[in-house]
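Residue numbers (the numbering used here), protein chains in the order written: chain A, 1 to 337; chain B, 338 to 682; chain C, 683 to 1186. Here a beta-carbon is modelled for each residue, glycine too, at the ideal position from N, C-alpha and C. As the structure is a computational prediction, the values presented were derived from the model and not from experiment.
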Amino acid sequence: MLNKIIKTNEFAVFLILVVLSLAVGLVNPAFFSVSTVFDTLRASIVFFIMAFGLLPLIIAGGIDISFVAIAAVTSYATHMFLLSRGYQGGILLYYIIASGLGLLAGLLNGVLVTRFKLPIFDVSLATFTMWYGFNLFFIGATANFELPDGTVGYYSRFLITAQDPYVGETGLHISILYALFIGLFVWWLLKYTFIGRGVYAIGGNREVALRSGFNINRIMLIIFGLMGVLSAVAGVTQAFLSRNFNPVIFIGQPLDILAAIIIGGAAITGGRGTVIGTVLGVLLIQLINRALILAGIPVEWQRLAVGIVLILFTSIPALRDLRARRVGHTTELIGAE
Amino acid sequence: MNTKTIPLPPKKGLTTLLKTIRIDGQTLLLLGVFIILTVFFAVTEDRFLTGRSIASMAFQLPELGILAIAMMITILTGGINLSVNATSNLAAVSAGLFLVKLLPAGATSEQALLYIALALALALLVGFICGVINGFLVGYIGVPPILATLGTLTFFTGISTGLTGGATVTGFPEQLAVIGAQSLLGIPIPFITFVLLTILTYFLLNQTTFGFKVRMLGSNPVASNFSGIDNRSILMKVYIISGLLSAMTGILIMSRTMSAAYEYGSTTYVLLTILIAVLAGILPGFGSVIDIFIAVIILQILSTGFHMVLLGVRGSSFFKDFSWGVLLILIFIINYFMRVRKKQE
Amino acid sequence: MAEEILRVENISKRFGGVVALDKVSLAIHKGETCCLVGENGSGKSTLIKIIAGIYTPDEGDIYINGHHHKKLNPITSIQEGIQVIYQDFSLFPNLTVAENIAMNDQLARGKQIVSWKEINRIAQEGLAKINVSLPLDAVVSTLSTADRQLIAIIKALLANARIIIMDEPTTALTQKEVLALFKLINDLKTRGISTLFVSHKLNEVTAIADRTIIFRNGQKVMDQDAKGLDVQTMEYHMTGRKIDTSAVTFSQVQEAARPLLRVENLNLSHGFFDISFDLKPNEVLGITGLLGSGRTELALSLFGELPADSGKIWIQGQEVKIKSTTDAVQNGIAYVPDDRIGQGLFLDQSIFNNIVISIIDRLVYKALFLNHKEKVVESDRWIKQLNIKTPSGTLPVKSLSGGNQQRVVLAKWLASNPKILILNSPTVGVDVGSKADIHELIRTIAKQGIGVLLISDDLPELLQTCNRILLMRSGRIVEEFKREEITEQQLNAELVAVAAPAGS
Chain A
1 MLNKIIKTNE FAVFLILVVL SLAVGLVNPA FFSVSTVFDT LRASIVFFIM AFGLLPLIIA
61 GGIDISFVAI AAVTSYATHM FLLSRGYQGG ILLYYIIASG LGLLAGLLNG VLVTRFKLPI
121 FDVSLATFTM WYGFNLFFIG ATANFELPDG TVGYYSRFLI TAQDPYVGET GLHISILYAL
181 FIGLFVWWLL KYTFIGRGVY AIGGNREVAL RSGFNINRIM LIIFGLMGVL SAVAGVTQAF
241 LSRNFNPVIF IGQPLDILAA IIIGGAAITG GRGTVIGTVL GVLLIQLINR ALILAGIPVE
301 WQRLAVGIVL ILFTSIPALR DLRARRVGHT TELIGAE
Chain B
338 MNTKTIPLPP KKGLTTLLKT IRIDGQTLLL LGVFIILTVF FAVTEDRFLT GRSIASMAFQ
398 LPELGILAIA MMITILTGGI NLSVNATSNL AAVSAGLFLV KLLPAGATSE QALLYIALAL
458 ALALLVGFIC GVINGFLVGY IGVPPILATL GTLTFFTGIS TGLTGGATVT GFPEQLAVIG
518 AQSLLGIPIP FITFVLLTIL TYFLLNQTTF GFKVRMLGSN PVASNFSGID NRSILMKVYI
578 ISGLLSAMTG ILIMSRTMSA AYEYGSTTYV LLTILIAVLA GILPGFGSVI DIFIAVIILQ
638 ILSTGFHMVL LGVRGSSFFK DFSWGVLLIL IFIINYFMRV RKKQE
Chain C
683 MAEEILRVEN ISKRFGGVVA LDKVSLAIHK GETCCLVGEN GSGKSTLIKI IAGIYTPDEG
743 DIYINGHHHK KLNPITSIQE GIQVIYQDFS LFPNLTVAEN IAMNDQLARG KQIVSWKEIN
803 RIAQEGLAKI NVSLPLDAVV STLSTADRQL IAIIKALLAN ARIIIMDEPT TALTQKEVLA
863 LFKLINDLKT RGISTLFVSH KLNEVTAIAD RTIIFRNGQK VMDQDAKGLD VQTMEYHMTG
923 RKIDTSAVTF SQVQEAARPL LRVENLNLSH GFFDISFDLK PNEVLGITGL LGSGRTELAL
983 SLFGELPADS GKIWIQGQEV KIKSTTDAVQ NGIAYVPDDR IGQGLFLDQS IFNNIVISII
1043 DRLVYKALFL NHKEKVVESD RWIKQLNIKT PSGTLPVKSL SGGNQQRVVL AKWLASNPKI
1103 LILNSPTVGV DVGSKADIHE LIRTIAKQGI GVLLISDDLP ELLQTCNRIL LMRSGRIVEE
1163 FKREEITEQQ LNAELVAVAA PAGS
């Protein structure tokens, strides 16, 4: 059992995470502090949520970039709408309305893909462009800082607080719970429902999935809807964590989240991927960013360091495949008879 | 079996050249859209078809256009190049820093031109090297192109950021502006460049053995290898060309804005080039650069057209994104019905 | 006579103007093993698809388990106990053994929530049914073809199959695995489960079938006890003509000439060891061996796809280094792969493009411009010469039948004017008529001076084309035979003989 865990991609990422943490900690002991943990988690929350929404699509063999646009348009539109109505209540209504919009937006992608047999990526490219444009033109082009009274305290709602030797009082924001529950839900969906198994089946061999009796269209619509809802939740959460609603939130980041999922062990062609791997992938990227800062690398060179890491990360499995191909060709081998 | 094939020289003439240009369904569809949109905007907005307006469009679209060609050739091989914009910026930043740091103050016009020429050569060299790196990762190591170029996009941007410290490079000699802001015989130089590069790429992809191999490799890389084609060399060349084209875009942008920055355009620019490729119906092994050309013009028409029509409306410059997304969806749906009809025949 | 499970009467089917099936009737009885043979286009796959409910017949009746149907759909077919095992086995490579076995069952029951206990139980039951043990949590992509086939059979059994239809089931199996499969089919027989299998390996048909059914041109031309039928009679009925192999003239090897190809001490770790042989001009040299003998690796090595670790290669007396496929082609070596679709053809590209790809660099003028006209001229020449049946060379290669597709691959290589042509299992999946044509082509090519290396496990094929045959086992060449000196039986005995213990 343990043997099996060790062989997975996820374990490799976990190891790298541990090794990297230790390395950074050695260089700068300030790294080993509660505030680091809390801050890293805080910065990861919205990425977790969006990545959980994207993961089923990736496993099913599709790549989608519109989730960031859905996060932006649902959160911003909800906010401007509520603002125009003079809403002064709490966050719940935000989440409800935005999720509803997110569901519709996700389903739009889903319908285009299933009804017109279009490639997932192409459709997401179109809706990505469309939603940001829609947001900026029809809703508003500037960030908005007027938050309803009922939401003001949310920014500092902490789950746990602690005293950190370097920073003083620090806390873990309550929205980590959303990420936790969503993560558990997606994990459960993927492992314990036939929607989830269907996702893996579609990613493994779509033809066979169809022949076996999976209702592919239904499954795709569900995961698109889920992606839309989770993107909306992420957008609203991000807005409250940063205390403003930005119409172009996340616009430069779809590929980063995709990278995190792939680093976490998902196959870009589909059929493989786990929630825990995704969590590790997001954490690793966060950690690398943080590590660069704490290791004293000047801001302007951090991007380069991340680039080198990405190149290494993607080259190593490719090199392994290259070698394996040579040997693998000849697997049914000597002594087979 | 004869050992020598005697080559028959083709008949010269424009008519034969035109005959070899294959006009297919996608091209006709795009031409149709082009005509409809031009007519629509010409009618709704009388400033649309003026010389100034056309010139303005002709100045802007080549940047995206050449970048789109850089993207297209990699898609033809079954890959993709997410680092086109990053390469463009890096090339611009390198050339810009060279110019700013090394051009002596009070230089003569001739000196300025010399330094500009060197700077541009440097930009192209940077584009070349970026292409080599991509070609090496994709062709020789075998990293999936989307992942390799995701890494190099970050890497190249990282170098730009590091070199500039995040600041924009400015202070170029005014002669630089010629390329990006002047016209030749009334046609903007950038546009001429775009047309020339389109023709060159068309020629390369359709009239040379290299182009033939590129398409076959895209169709089936395994069979390509098993047919004796040197896949690695072809991929390297494709990514180098992509890098060079990206560098040229960087030069144009630098010339037009008289500045160079690490983040001009960012990921959205890259996604736009992919959008253009999708609109043009580019697939591994199949696709025409002519369709890219028309698609870029269509996008520009929508952008300028709606900007004019909505002038005065807040956020009018953003309507174009919305319109592009909607257009793409419409084209998808039309393509779907075209495919369904074709299958029925 | 055992009880009839399936009977079809006067089934006819047309596609456009083409008659695929013409008043075909046959019956399958309980516990019977039937083999369905016929060339491509004979109608056998159409009939299978009608029985599986994928196509509906234009005329005729179907009776299963006593129920009368005018047509079937996939669900009713399955309900009546028909299970088809396709060549891809309908498995999910990324999922486990247990999941693959139990999936259809759970889906059919409309389950929404997954109970892993239930899945494991079903899988365990399935494995027990055929007395086989496989790790339940093994991912299917890591299993051998034989094991995957077992899972497919288990799935069929779990779905209460009364008739299991298998499409070319022995293609990727080793000799031992084939015997295990036949044992399983016989075991199923005793449990009253009938098997219908489509196969082109006629000697296997005689080994396992109770009854042989032969189709030709949409009609059933033979339906009788398998025991009385020999391979030649079967071939005659399949093609309607006698494939007269006695009239074949073989290429005369120039024994005294310098070898076209000489190989010395070639080694590839995990592939083959200490390989040395000669290939003379005009010679057809066969290389055979069971799956795992290293014969494919050797071929790939000579073609530069798996460059050897050590050893020397001479072509026409010149030593050469072959480190890539480009090297091989430049040195005049051509390779017709066993995986024609994945490795040999560009399916979406035109026939023209497929034919000229390896010589494209020659089709230029002024050293730069691609000569489109010459491309067409050259391709047309080969289309004619090799009898490739197509209305136009601009059509994509995927529009062609298997035999014609193989001719395109051959055309590609012949156009390159090779010195040495390596063929790997060239007639698998090709109809008997085309097969004989390809054999004649091989002999003709050799007569024209090209050296041919024929990798094959089809013994009759080797004996009809080769001058010499090398036998490989466990990565080494263990025997060499001259064609005239050995019979098919002897060759087969050598092939399946177990190697002498350590030290050979």
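Cβ-Cβ distances below 7 Å link residue 1098 of chain C to 1011, 1016, 1040 and 1041 in the same chain, with the five nearest sequence neighbours on each side left out; the list follows chain order. Of the other Cβ atoms in all chains shown, 16 or more fall within 10 Å of the Cβ of residue 535 of chain B; this residue is therefore buried. In the three-state reduction of the DSSP assignment, residue 391 of chain B falls in the helix class. Here residue 524 of chain B is exposed. Its C-beta has fewer than 16 other C-beta atoms within 10 Å. Taking one beta carbon from each stretch, the stretch 274-289 of chain A and the stretch 50-65 of chain A have 3 or more pairs nearer than 8 Å; the two touch. Cβ atoms of residue 586 of chain B and residue 425 of chain B come within 8 Å of each other, at about 5 Å. Annotation: residue 26 of chain A to residue 474 of chain B spans about 33 Å, alpha carbon to alpha carbon.
A direct Cα-to-Cα measurement between residue 161 of chain A and residue 170 of chain A gives close to 6 Å. Residues of chain A whose Cβ lies closer than 8 Å to the Cβ of residue 796 of chain C are, in chain order, 191, 192, 193, 194, 196 and 197.
In the three-state DSSP reduction, residue 454 of chain B falls in the helix class (H, G or I). With its beta carbon less than 8 Å from one in chain A, residue 492 of chain B belongs to the interface. With fewer than 16 neighbouring CB atoms inside 10 Å of its own CB, residue 145 of chain A falls in the exposed class. Setting aside the 5 residues that flank it on each side, residue 74 of chain A is surrounded in the same chain by 98, 101, 102, 232 and 235, each with a C-beta closer than 6 Å to its C-beta; the list follows chain order.
Secondary structure note for residue 168 of chain A: it is in no alpha helix (DSSP H), and the uninterrupted beta strand (DSSP E) holding it is 168-173. Look at residue 456 of chain B: its C-beta is not under 8 Å from any C-beta on chain A. Of the candidates B/651, B/442, B/485 and B/472, the residue whose Cα lies closest to the Cα of residue 317 of chain A is B/485.
In the three-state scheme derived from DSSP, where H, G and I count as helix and E and B as strand, residue 1162 of chain C is classed as strand. Contact between the stretch 950-959 of chain C and the stretch 983-990 of chain C is present: 3 or more CB-CB pairs across the two stretches fall below 8 Å. Under the 8 Å criterion on CB atoms, residue 985 of chain C is classed as non-interfacial with respect to chain A. In the three-state reduction of the DSSP assignment, residue 1070 of chain C falls in the coil class, being assigned neither a helical nor a strand state.
Here the alpha carbons of residue 5 of chain A and residue 11 of chain A stand approximately 7 Å from one another. For residue 633 of chain B, the CB contacts under 7 Å within the same chain, skipping 5 residues up- and downstream, are 398, 401, 402, 405 and 613 in chain order. With contacts defined by Cβ atoms closer than 8 Å, residue 294 of chain A and residue 18 of chain A do not form a contacting pair. Cα atoms of residue 320 of chain A and residue 696 of chain C: separation of roughly 51 Å, rounded to the nearest angstrom. Among the residues of the stretch 934-968 of chain C, none has a Cβ less than 7 Å away from any Cβ of chain B. Membership of residue 69 of chain A in the alpha helix (DSSP H) is indicated by the continuous run 67-84. Note: residue 1154 of chain C is bridge-paired with C/1159 in the DSSP secondary-structure output. The contact set of residue 793 of chain C on chain A, defined by CB atoms closer than 7 Å, consists of 194 in chain order. According to the DSSP secondary-structure assignment, residue 948 of chain C is paired through a beta bridge with C/957. The residues 47, 50, 51 and 54, in chain order, have a CB closer than 7 Å to that of residue 257 of chain A in the same chain once the five nearest residues on each side in sequence are set aside. Closest in C-alpha terms to residue 818 of chain C, from the list C/1065, C/777 and C/748, comes C/777. At a C-beta separation below 7 Å, residue 480 of chain B has these neighbours in chain A: 314, 315 and 318.
Within chain C, the residues 772 have their CB atoms less than 7 Å from the CB of residue 211 of chain A, given in chain order. Contact between residue 1125 of chain C and residue 968 of chain C is ruled out by a C-beta separation of about 12 Å, above the 8 Å threshold.
Residue 200 of chain A has a beta carbon lying within less than 8 Å of a beta carbon in chain C.
Within the same chain, and ignoring the five residues on either side of residue 871 of chain C in sequence, the residues whose Cβ sits closer than 7 Å to its Cβ are 713 and 715.
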